[in-house]
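Have a look at the structure below, then the notes.
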Amino acid sequence: MENLLTTSELTVPEIQEILKCAQAFAEGKEWKPEKQLFLANLFFEPSTRTKCSFEVAERKLGLEVIPFETTTSSVVKGETLYDTIRTLESIGVNGVVIRHKEDNYFQELIGKIKIPVINAGDGCGNHPTQSLLDLLTIKQEFQSFQGLKVSIIGDIRHSRVARSNADALTRLGANVVFSGPKEWFDDSMLQEANYEDVDTAIETSDVVMLLRIQHERHDGSTSWTSEEYHQMYGLTKERERRMKPGSIIMHPAPVNRDVEIADELVECERSRIFKQMENGVFIRMAVLKRSLQSVEGGNVHVNDYQKWPVA
Amino acid sequence: MENLLTTSELTVPEIQEILKCAQAFAEGKEWKPEKQLFLANLFFEPSTRTKCSFEVAERKLGLEVIPFETTTSSVVKGETLYDTIRTLESIGVNGVVIRHKEDNYFQELIGKIKIPVINAGDGCGNHPTQSLLDLLTIKQEFQSFQGLKVSIIGDIRHSRVARSNADALTRLGANVVFSGPKEWFDDSMLQEANYEDVDTAIETSDVVMLLRIQHERHDGSTSWTSEEYHQMYGLTKERERRMKPGSIIMHPAPVNRDVEIADELVECERSRIFKQMENGVFIRMAVLKRSLQSVEGGNVHVNDYQKWPVA
Amino acid sequence: MENLLTTSELTVPEIQEILKCAQAFAEGKEWKPEKQLFLANLFFEPSTRTKCSFEVAERKLGLEVIPFETTTSSVVKGETLYDTIRTLESIGVNGVVIRHKEDNYFQELIGKIKIPVINAGDGCGNHPTQSLLDLLTIKQEFQSFQGLKVSIIGDIRHSRVARSNADALTRLGANVVFSGPKEWFDDSMLQEANYEDVDTAIETSDVVMLLRIQHERHDGSTSWTSEEYHQMYGLTKERERRMKPGSIIMHPAPVNRDVEIADELVECERSRIFKQMENGVFIRMAVLKRSLQSVEGGNVHVNDYQKWPVA
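Chains as they are written, first to last, in our numbering: chain A, 17 to 327; chain B, 17 to 327; chain C, 17 to 327.
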């Protein structure tokens, strides 16, 4: 049983192993567990996109997906996450995919439950399957990360993805730079990657990774219009023309068209935006396989606390 | 790949082909695609009845149905329908069933996405699977449409079904008349079918098709009580006794009992109301088969915009 | 076709038969219907826990579970439960699991629909699968009910489970006593079982069955804090030490930790709380099998009211 909680906990060989497995799925490889296995997706923060991607991955692996409605669950009435997951474990669920707005929500679970937890996003912190699908997309394009220049542009402070990606890409041998409004940067971020102005970053990178503007998270202290942001920090058609030959554009989606990126560029030659979504399914298949391949399946007698046998 | 968007786009031979296929399913024929195929039902306007019917049809065909929660999707945050469907296409969904309150919502999709769209209702306009299930029910009863008299009674202006049915039935050789409160009619409707008073329509028709009173759509300008409506325009027990021998009663449901139709008549000998629901599953199976039978299945590399190969 | 509506309608041999079948499932027995069968879970009152348990049971039996969203169904617009279930029957659903806040909601269905109804809880009254899973847990522990002393402690007046359990346990040969705040008892309850003070009940019972405090149902007339309730009527660590050797603790969950039971005792040696949840799946499999094993499957022509044949 293997959890997947953060990108940073994965060693470079573990990342490479997941990418290799995902690539095999992309090329048509199939894998199904020997027994009927049950999985539940607990999305305490809505995310149709990520949830649908997990659902497709789960069905491709032949898993039984148990619907779990977070809005009506006992968690709303104050039940702890531990008690909820322990209940699912008791009724025979073999693994859980969780998205939760609280940072590191999984700390209360680890070591106490026996089924794997796959983190589908926590607070502002971690979103490892998104990082891994980004890595797969880059690897498919360039075969190796060694010496690649990757610029990550936008609201890095609020981005689950940016910080995990910067860390993993650096460990894999890439050179990462951050860009975007200087107002959104602080010193802690600049320990992770250097800052470059937008034009330099876009012109010199192999991968231009744009982040979604999180309107809902900002406090109004920055007062650009969408059009102003686009001209100052967005990937305009004019900037795209100055990109390196063979370089690619990435974005975790959903895209604010004509804000982070010009509408016409979303599906341009360089864009790997929909390719990223496609790869998300293969990454999730690989991650699920990694977590579930040693699970025996079926309900097991879970009450280990009892010291005398139940007939 | 075939979309199903409106009844009017279907030729008479196409309608006959769908009815024939649905009748074969009604008689126990089975069909399943060779590969695992994924489908999503996007109901932006709730309709448990239609959604459940599609779900049963989809499961009978062995499809994988990916849950899609419209209330928490990015569409709510302003994502276009195109970007949503394009995302589903990217993650490997092979077809979408959509209900949407906007008229002709599908215009922004057609020609731009590669997976089939099946329209499960748009605005006040089209609801082709409802029309087709009505046609199947009539055909099962009378074998042919030629020379049949069909009266459609009620709120025709607000009815998705009435106008599509009138058009299709006329093309198939039936004689359609409209009836109900004159206040609810306008000139455009009377180009589609003649108006007859309720008593004449009911006494002389082979098929009496009642429409649901859409309380929620009316502006209060008509001020009948339910009882008054029932006496003036409803199918009362007294009117039912004057129906032609062998004639049948239809209603798209849900029924307002004792408004459009007397409570005791909902499941009377002449009623095909629950038969219509039963036929809905077979029609949806036929329509899904028509759309999916040429789909290869599996994720395909969807980024056609890129001009250089991805490893 | 067998409904499961209340525990009291089950004879002792019927209860024993269900427990035997559930125990076989617990030991790994498998059973699947010969044909594809469809089931819908209609939870008009939310209960993630019970719903997930039914879902796992249904998937283990290979059933097709049709999602039914009660919040958007026509029931909200005033459609009767009968019309809703009749619709599901018409589209080919072979059985329904229903939770509803109205007492005996199923009375309007019985004898009028042809598919089995499994009651997953009604009002304050019945919750037969919860009773049966409690019985299975006790039987696994003690092999027989004869002469066992079972105390049920807490809010018996508002408990679906307590009264059904008291009745069934008594019929099976056990000696049941009630305990908890005297203010919560009335004469009708004391016809079902004797009252004992909490300390006596806990010290002398083979099974201590705690009930959840239903904060949401109380009117504020009782004014203990959680801590006060715990000290006066809860299973404290101190009380647990005085329990009989080999005696067990049960609770229907979700638990209010440190109210009905001390936090540390929820997973102690004596606790069968998570074992109960595990057993819930096997009971639901047994109950579903009992209801579905004679169903033929597939859509049947449901319009029995028509007197002339449909082609």
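All C-beta atoms, glycine included, are put in the ideal place defined by N, C-alpha and C.
Determine the closest residue to residue i out of the options, with distance taken between C-alpha atoms.
i	options	result
I264 of chain A	A:S287, A:K67 and A:E294	A:S287
F60 of chain C	C:K117, C:Y98, C:M205 and C:K48	C:K117
I213 of chain A	A:K198, A:D203 and A:V223	Per the sequence shown, the amino acid found at residue 213 of chain A is Asp instead of Ile. Answer by Cα proximity: A:K198.
T22 of chain A	A:E95, A:H143 and A:Q52	A:H143
E43 of chain A	A:L281, A:L304, A:V303 and A:N295	A:N295
G196 of chain C	C:S175, C:T27, C:A184 and C:E283	C:S175
Q162 of chain C	C:V303, C:E285, C:V192 and C:L281	C:V192
A190 of chain A	A:I126, A:N210, A:F201 and A:R255	A:N210
K45 of chain A	A:L58, A:K76, A:Q32 and A:Q52	A:K76
K36 of chain B	B:T252, B:L164, B:Q159 and B:E280	B:Q159
D215 of chain B	B:Y98, B:S180, B:T241 and B:L251	B:L251
L334 of chain C	C:V28, C:S24 and C:L53	What the structure shows of chain C is the stretch from 17 to 327, and residue 334 of chain C is not part of that stretch, so it cannot be assessed.
L104 of chain A	A:A136, A:V92 and A:I131	A:I131
M266 of chain B	B:K253, B:V282 and B:R255	B:V282
S24 of chain B	B:I129, B:M248, B:T145 and B:T88	B:T145
P29 of chain A	A:N120, A:R187, A:A73 and A:Y121	A:R187
Y98 of chain C	C:A178, C:F201, C:Y121 and C:V72	C:Y121
Note the first and the last residue of the continuous alpha helix (DSSP H) segment covering residue i.
i	result
M205 of chain C	D203 to L206
R65 of chain C	T64 to K76
L35 of chain A	V28 to A42
A56 of chain A	A56 of chain A -> not in any alpha helix (DSSP H); beta strand (DSSP E) instead, spanning F54 to F59.
E219 of chain B	V214 to T220
One question on the structure: do residue i and residue j come within less than 9 Å of each other, judged by their Cβ atoms?
i	j	result
S310 of chain A	N19 of chain A	no
S221 of chain A	S147 of chain A	no
Q123 of chain A	D171 of chain A	no
L152 of chain A	I289 of chain A	no
C68 of chain B	I114 of chain C	no
I134 of chain B	V109 of chain B	no
G78 of chain A	P49 of chain A	yes
E85 of chain B	L55 of chain B	no
R65 of chain B	A278 of chain B	no
E285 of chain C	R258 of chain C	no
A182 of chain C	E157 of chain C	no
I154 of chain B	L125 of chain B	no
E169 of chain A	M205 of chain A	The amino acid at residue 169 of chain A is misidentified as Glu; the sequence shows Ile. For I169 of chain A and M205 of chain A, no; Cβs fall outside 9 Å.
E244 of chain C	D274 of chain C	no
M293 of chain C	F41 of chain C	no
L185 of chain C	L164 of chain C	yes
S63 of chain C	A136 of chain C	yes
H246 of chain C	E276 of chain C	yes
F201 of chain B	A178 of chain B	no
Taking the beta strand (DSSP E) that residue i belongs to, which residues open and close that run?
i	result
V223 of chain C	V223 to L226
V81 of chain C	E80 to I82
Sequence ranges, alpha helix (DSSP H) only - wholly within the stretch 158 to 193 of chain C, length at least 4: 176 to 187
Going residue by residue through the stretch 241 to 307 of chain B, where are the continuous alpha helix (DSSP H) segments of at least 4 residues, counting only ones entirely within it? 242 to 249 and 253 to 257
Would you list, in chain order, the members of the stretch 54 to 73 of chain C that have their beta-carbon closer than 7 Å to a beta-carbon of chain A? P62, T64, R65, C68, S69, E71 and V72
According to a CB-to-CB cut-off of less than 7 Å, which residues of the stretch 289 to 314 of chain B neighbour chain C? F290, K291, M293, E294, G296 and V297
Select from the stretch 257 to 277 of chain C all residues with a C-beta closer than 9 Å to any C-beta belonging to chain A, and list them in chain order. G262, I264, A269, P270, V271, N272 and R273
Return the chain-ordered ranges of every alpha helix (DSSP H) run that is complete within the stretch 100 to 159 of chain C and spans a minimum of 4 residues. If you keep only unbroken alpha helix (DSSP H) runs of at least 4 residues inside the stretch 100 to 159 of chain C, you get 144 to 158.
Please list the residues of the stretch 127 to 155 of chain A that have a C-beta atom closer than 9 Å to any C-beta atom in chain B, keeping them in chain order. T153 and K155
Return the residues of the stretch 163 to 183 of chain C that lie within a Cβ-Cβ distance of less than 9 Å from chain B, sorted by chain order. none
Residues from the stretch 73 to 101 of chain A in contact with chain C, defined by Cβ distance under 7 Å: E80, I82, P83, F84, E85, T88, S89, S90, E95 and D99
Residues of the stretch 103 to 127 of chain B in Cβ contact with chain A at a cutoff of 9 Å, in chain order, please. T103, L104, E105, S106, I107, G108 and V109
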